[in-house]
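Q: Chains as they are written, first to last, in my numbering: chain A, 1 to 312; chain B, 313 to 561.
Here it is as structure tokens:
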């Protein structure tokens, strides 16, 4: 049976998380087809982008007002209905995937497998538990496997080269349980945190939000995204969507620079798969140094301006 | 309105988890256990609603081993009115817990269920959304703000791009994120008082829920270890190494 991927988008553009999820889908699909669901409103361009992913055989387009904001109460039943024709349904483990997939799984009476980082067999998956301090291999006996995918564990599929057919699917009724009131989205010209090649993050040691400007200047020189530890977000230095960690975003860039971050296990859970880790902290016993490839014991207020200068 | 707060007993967030030698799971014997931190935030929110006069009664419920009673006592000491323990020695998956909670909701008829967004043991992040699905209720997942008025819950959700605001028709299920509130510590007098608060004992059989697991855990192992690297002496040294050794900038 074919495999269904839930496309991540904002009605205007297909998000890279979808490409990572398609790679995971290829691993479970074998010779079977991969289909992508694009549910939204006015999202035909997103469907075209999904159709261009090599390896995708068909795009299902559910273009209707009830899916405009991808409310779980409306999207969950659509996914559950479509899922009956598939062996697997996969979504990226983004906040939208985490929101809607358990709803769909429960409607299907299926135990979802969250945040998989590996595929041992089409019914057997590896996933981190306890903030990544243990890796569990679990085998599912459910008829449909409902899965969210840790995007950093799978390379992105190419975005171009395919030419899948786009097929419209009928929209379901509005559950009329939730009303979208609006969003306050962080605007940034910098790369998106979870797909950036370089990430520079600040912690409690930054002392206040204004000091993050130092990190932003370095980020702009390196083409990096800016992240933060929970402590920095809780203290109100930066918005919630900066948070890297067990319950925030999981990142695995080529280079992760941790500034004034002590390295609680919950933070390490979100960044320890980065290829190269740099830590700058004045406390030489900070746990972050246990995972850092390059550690510099220094006062960040001296070291960071120096770093900016060195980068020219 | 009645508010139901499902809570979970987990390994204390500050304990370093160890994988069992036989790869069957993580070591739980002689390990400090505590209420899941997200559940503490859920209890705090419910108690604040009671203190504000919005909630008439706060009921804490936990599904798990007999010692989950201690976790319920913590919730009672924080201000919940009574507890329900659904005792089971089996490993309960989120779908099974959601089904148990649905049965409790049907008995208690709360207007609002407040849960933690995820438990820090399984990191599943499923139970609240599944409960909402099974009940056919609205869901507000990962909330950092909650306002109740005119038969609706206005919530602010923490999403990947920032924040999203929704209005949920009541009854509803919400799952809480870190920044909704800062949970209180129970005072000694309240801990003493909590000992007298009632805890009802149930089993999955009482609620006629099949909790048989759907997933078979084949093995649990340590993640590949990351070895510590080197300390550099200066920023210039660091930049040189990143350019010429690691070749990442």
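C-beta: ideal position from N, C-alpha, C; glycine also. It should be emphasised that the depicted structure is a prediction, and the values quoted were computed from it without experimental measurement.
Residue 241 (chain A) CB to nearest chain B CB: under 8 angstroms?
A: True, the Cβ-Cβ gap to chain B drops below 8 angstroms.
Q: With a threshold of 8 angstroms, are at least 3 pairs of Cβ atoms found where one atom belongs to the segment 131-142 of chain A and the other to the segment 448-468 of chain B?
A: Touching, no, given that fewer than three Cβ pairs across the two stretches are closer than 8 angstroms.
Q: Specify the secondary structure class of residue 92 (chain A) as computed by DSSP and reduced to three states.
A: In this structure, residue 92 (chain A) counts as strand in the three-state DSSP scheme.
Q: On the three-state DSSP scale, how would you describe residue 25 (chain A)?
A: In the structure shown, residue 25 (chain A) sits in a helix (DSSP, three-state: H, G or I).
Q: So who's on the other strand from residue 331 (chain B), going by DSSP bridges?
A: Answer is B:338.
Q: Closer than 9 angstroms between beta carbons: that is the criterion. Which residues of the segment 90-119 of chain A meet it against chain B?
A: From the segment 90-119 of chain A, only 93, 94, 95, 96, 98, 99, 100, 101, 102, 103, 104, 105, 106, 107, 109, 110, 111, 112, 113, 114 and 115 have a Cβ closer than 9 angstroms to chain B.
Q: Taking the Cβ atom as the reference point for each residue, do residue 478 (chain B) and residue 488 (chain B) lie within a distance shorter than 8 angstroms?
A: No, the Cβ-Cβ distance between residue 478 (chain B) and residue 488 (chain B) is not below 8 angstroms.
Q: Per DSSP, residue 481 (chain B) forms a beta bridge with which residues?
A: DSSP lists B:464 as partners of residue 481 (chain B).
Q: Just to confirm, are residue 357 (chain B) and residue 492 (chain B) a CB contact at a threshold of 8 angstroms?
A: Yes, these two residues count as a Cβ contact at 8 angstroms.
Q: So the beta strand (DSSP E) residue 399 (chain B) belongs to, where does it begin and stop?
A: Per DSSP, residue 399 (chain B) belongs to the beta strand (DSSP E) from 394-399.
Q: Quick check on residue 436 (chain B) - is its C-beta less than 8 angstroms from some C-beta in chain A?
A: It does; some Cβ of chain A falls within 8 angstroms.
Q: Just list the residues that DSSP pairs residue 148 (chain A) with in beta bridges.
A: DSSP output for residue 148 (chain A) lists A:91 as bridge partner(s).
Q: Taking only beta-carbon atoms, is residue 186 (chain A) less than 8 angstroms away from chain B?
A: Taking Cβ atoms only, chain B reaches closer than 8 angstroms to residue 186 (chain A), which makes this a yes.
Q: With 8 angstroms set as the bound, which would you pick, yes or no: does the beta-carbon of residue 227 (chain A) sit closer than that to a beta-carbon of chain B?
A: Not an interface residue.
Q: Which residues does DSSP list as the beta-bridge partners of residue 281 (chain A)?
A: BP columns for residue 281 (chain A) point to A:297.
Q: Residue 127 (chain A) by DSSP, collapsed to three states: which one?
A: Three-state DSSP puts residue 127 (chain A) in a strand.
Q: Considering only residues of the same chain and omitting the five flanking positions on each side of residue 256 (chain A), which have a CB-CB separation below 6 angstroms?
A: Here the set comprises 199, 271, 274 and 277.
Q: Cβ closer than 8 angstroms: which chain B residues qualify as neighbours of residue 289 (chain A)?
A: Those are 540 and 543, listed as they occur along chain B.
Q: Could you have a look at residue 538 (chain B) and say whether DSSP puts it in helix, strand or coil?
A: Coil, per DSSP.
Q: Looking at chain A, is there any beta carbon in it that lies within less than 8 angstroms of the beta carbon of residue 442 (chain B)?
A: Closer than 8 angstroms to some Cβ of chain A, the Cβ of residue 442 (chain B) qualifies, so yes.
Q: Under 8 angstroms by Cβ, that's how I've got residue 137 (chain A) and residue 530 (chain B) pegged, so tell me the actual separation to the nearest angstrom.
A: Correct: roughly 4 angstroms between the Cβ atoms.
Q: What do you get for residue 462 (chain B), buried or exposed, if any count of 16 or more other CB atoms within 10 angstroms of its CB means buried?
A: Exposed is the call here.
Q: Please report how far the alpha carbon of residue 333 (chain B) lies from the alpha carbon of residue 532 (chain B), in whole angstroms.
A: Their Cα atoms are separated by approximately 9 angstroms.
Q: Check for me: the alpha helix (DSSP H) holding residue 267 (chain A) runs from which residue to which?
A: Unbroken alpha helix (DSSP H) run through residue 267 (chain A): 265-268.
Q: Over what stretch of residues does the alpha helix (DSSP H) that includes residue 288 (chain A) continue unbroken?
A: Note, residue 288 (chain A): premise wrong, no alpha helix (DSSP H); not H, not E.
Q: Helix or strand or just coil, what does DSSP make of residue 58 (chain A)?
A: Of the three classes helix, strand and coil, the one that applies to residue 58 (chain A) here is strand, per DSSP.
Q: First and last residue of the beta strand (DSSP E) that includes residue 6 (chain A)?
A: That run of the beta strand (DSSP E) goes 3-6.
Q: Cutting at 8 angstroms between CB atoms, please list the residues of its own chain near residue 290 (chain A), excluding the five before and the five after it.
A: These residues qualify, in order along the chain: 263.
Q: Would you call the segment 278-285 of chain A and the segment 322-338 of chain B in contact, with 3 or more CB pairs under 8 angstroms?
A: Verdict: no, contact absent.
Q: Taking 8 angstroms as the CB-CB cut-off, is residue 79 (chain A) touching chain B?
A: By this cut-off, residue 79 (chain A) is not an interface position.
Q: With the cut-off set at 8 angstroms, would you say residue 370 (chain B) and residue 331 (chain B) are in Cβ contact?
A: Not a contact, by the Cβ cut-off of 8 angstroms.
Q: Nearest by alpha-carbon distance to residue 228 (chain A): which of A:238, A:219 and A:221 is it?
A: Per the Cα distances, A:238.
Q: DSSP state of residue 345 (chain B), grouped into three classes?
A: Correct three-state label for residue 345 (chain B): strand.
Q: Please list, in chain order, all residues of the same chain as residue 377 (chain B) whose beta carbon is under 8 angstroms from its beta carbon, the five residues on each side excluded.
A: For residue 377 (chain B), where only same-chain residues beyond five positions count, the Cβ hits under 8 angstroms are 321, 399, 400 and 401.
Q: For residue 269 (chain A) and residue 155 (chain A), I'd like the C-alpha separation in whole angstroms.
A: Straight-line Cα distance between these residues: approximately 19 angstroms.
Q: Who pairs with residue 426 (chain B) in a beta bridge, going by DSSP?
A: B:486.
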